[in-house]
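Heads up: the sequence shown runs through residues 88 to 188, numbered per the numbering used here.
Using N, Cα and C, we set each Cβ at its ideal position, and we do this for glycine too.
Remarks on the structure that follows.
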Amino acid sequence: MALAVLNLTSQARFSPGQVVMTAGVDELVRQGRLNPTPYLRRHLHGEWGDLSDSDRRQNDAALKSGEDRLFSSYQVTRDLKLWIITEWDRSVTTLLLPSEY
């Protein structure tokens, strides 16, 4: 995952800090049921996924101010949703399932 993150950050709108994933996401990756790379790329480029307009505006404001976390939600399949959260200080980006929040 580290090499993929290096390739993703070259044109990103913000630094993800350390990229981590929860046990549930890790298990789906190991099973070959999830490739998180395209979703992480979208998150880093400010494509917030399946959010309301209000949540998108909140992310855009947080991106400019650097004073709040960044949140994305992606419907991967009909039964699988992936959340990505970058902490307010941009130190850590976590890939997780909604059930793990």
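- DSSP, read as helix, strand or coil, puts Y126 in helix.
- In the structure shown, L115 adopts helical secondary structure according to DSSP, grouped into three states.
- Restricting attention to L169, R165, R129, the CA atom closest to the CA of A99 is found in R129.
- Only residues of its own chain outside the window of five on either side were considered, and among them Y126, G136, L169 have a CB closer than 6 Å to the CB of Y161, listed in chain order.
- Here I171 is not near T164, since their CB atoms are 8 Å or more apart.
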